[in-house]
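Peer 1: The sequence shown begins at 1 in the working numbering and counts up by one. Take this structure first; my questions come after.
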Amino acid sequence: MARDPRAPSPRAWQRMLSGRRLDLLDPSALDIEIEDIAHGLARVARWNGQTGGAHIFSVAQHSLLVEALARARVPRLDRSRRLAVLLHDAPEYVIGDMISPFKAVIGDAYKAVERRLLASIHRRFGLPIKSAPELEALIKIADRQAAYLEATRLAGFAAAEARRFFGHPPDISPAMERDYLKSWPAETAQARYLERFTKLIGE
């Protein structure tokens, strides 16, 4: 059935708690605020919420874990690259965390929206629009390491199954295990994400 040309266009923007109105088709860096990102990511569940514990394991907490793993792997990683790692999943504050099997079903449409949003987020915070290949590779490694840890500690995967999908487990300290692999309340995840962002942007 053809669309009535007199009908209003479908809404492609979301209003944020800051009052900003972010257009998903043409996102402007001027409409991006870190407070909105932190608030949204702290309330978006990893693994579609299929994790143990009293709280969801949020994308904000995952992002902090990935940044800690990247830092452990490359201790001299500079401030801007650590910030890019922290923000690697920032578009999900608008579009949610779609599990990998569903991304494979949807294909390029989701990825195009995600790429546009990430480019605008990078522009907003003074990062290169496209990360260098070696940084993208580091983010991918740290992201897979985080996925292995989350899968085995929180999402019910056996170690052998997690290795098949995410590769070998990283060596982590007992402190990292205690600090990052227990799900936090949304308010804690939001505050810690903002705190880490503020430290990195201010260095």
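Yeah, the Cβ is synthetic: ideal placement off N, Cα and C, and Gly gets one too. Owing to the predicted nature of the structure, the values given are computational and were not obtained by experimental measurement.
Could you pull out every residue in the same chain whose Cβ sits closer than 7 Å to the Cβ of Gln221, ignoring the five residues on either side in sequence?
Peer 2: As shown, the chain starts at 1 and ends at 203. That puts residue 221 outside it, with no answer to give.
Peer 1: Can you tell me which of the three DSSP states Ala189 falls into?
Peer 2: helix
Peer 1: Does the stretch 83 to 100 come into contact with the stretch 34 to 43, if we say contact requires no fewer than three beta-carbon pairs (one atom in each stretch) closer than 8 Å?
Peer 2: yes
Peer 1: Got a sec? Which residues, its chain only, sit under 7 Å from Val74 by beta carbon, not counting five neighbours each side?
Peer 2: Leu138
Peer 1: Ignore the nearest five residues each way along the sequence and tell me which others in Ser80's own chain have a CB closer than 7 Å to its CB.
Peer 2: Leu127
Peer 1: Quick one: using the 10 Å Cβ neighbour count with 16 as the cut-off for buried, is Asp171 buried or exposed?
Peer 2: exposed
Peer 1: So, under 8 Å CB-CB, Leu64 and Gln145 are touching, yes? Tell me the CB distance rounded to an integer number of Å.
Peer 2: Gln145 and Leu64 do not touch by the CB rule: their CB atoms are close to 13 Å apart, not below 8 Å.
Peer 1: Here's the rule: buried if 16 or more other CB atoms are within 10 angstroms of the residue's CB, otherwise exposed. What is Ala158?
Peer 2: exposed
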